[in-house]
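Report on the structure given below.
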Amino acid sequence: MEIVILIILVIFGILNIILFFKIWEMTNDAHRIGELMKSIADIEEYKYRKLLKNESNNKSDTVNIKKIDNDIELYSWIIEIKSGKEFQVMKILDENTFLCVNEKYQEGIKLKRFEIEKA
């Protein structure tokens with residue numbers, strides 16, 4: 000009887016050691032995932048700031064200084080109808096497509112004319 004209990008305790012001890020190392024490995028993976036998420040967020044912020052910088056440098060670009068039906072102008076504020084978010088028009092790509100950014104949500108997206116309304 001004592002031998003059976005001893006075998007069970009040895010097996011239980013070995014399984015505890017294995018479990019300890021598996022949990023340790025998982026916490027290291029979680030740390031790596033956290034670092035990866037931070038680096039992705041930094042890259043996205045860099046791209047956004049670069050987009051804002053490039054677009055603000057192109058204010059005198061005559062291609063971008065277009066008006067569509069005297070409605071949506073360059074650097075004017077618009078509202079996306081679907082989400083209700085406010086965006087600023089940074090570039091007019093064609094008569095129905097606008098490149099818009101929003102500093103609050105740190106988004107830069109292309110919007111069609113039917114998706115927006117003037118703020």
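Sequence positions in the sequence shown follow numbering that gives the first Met the number 0 and run 0 to 118. Here a beta-carbon is modelled for each residue, glycine too, at the ideal position from N, C-alpha and C. Quick caveat: nothing in here was measured; it's all calculated off a predicted structure.
What are the boundary residues of the beta strand (DSSP E) that includes Asp93? Counting along the chain, the beta strand (DSSP E) containing Asp93 begins and ends at 85-93.
Below 8 Å, how does it come out for the region 69-81 and the region 110-118: are there three or more Cβ pairs, yes or no? Because the criterion of three Cβ pairs below 8 Å is met, the region 69-81 and the region 110-118 touch.
For Asp93 and Leu110, I'd like the C-alpha separation in whole angstroms. Rounded to the nearest angstrom, the gap between the Cα atoms of Asp93 and Leu110 is 11 Å.
Please classify Ile91 as buried or exposed, where buried requires at least 16 neighbouring CB atoms within 10 angstroms. Counting Cβ neighbours within 10 Å, Ile91 comes out buried, since at least 16 surround it.
How would you call Ile22, buried or exposed, if buried means at least 16 neighbouring beta carbons within 10 angstroms? Classification of Ile22: exposed, given that the 10 Å Cβ count is below 16.
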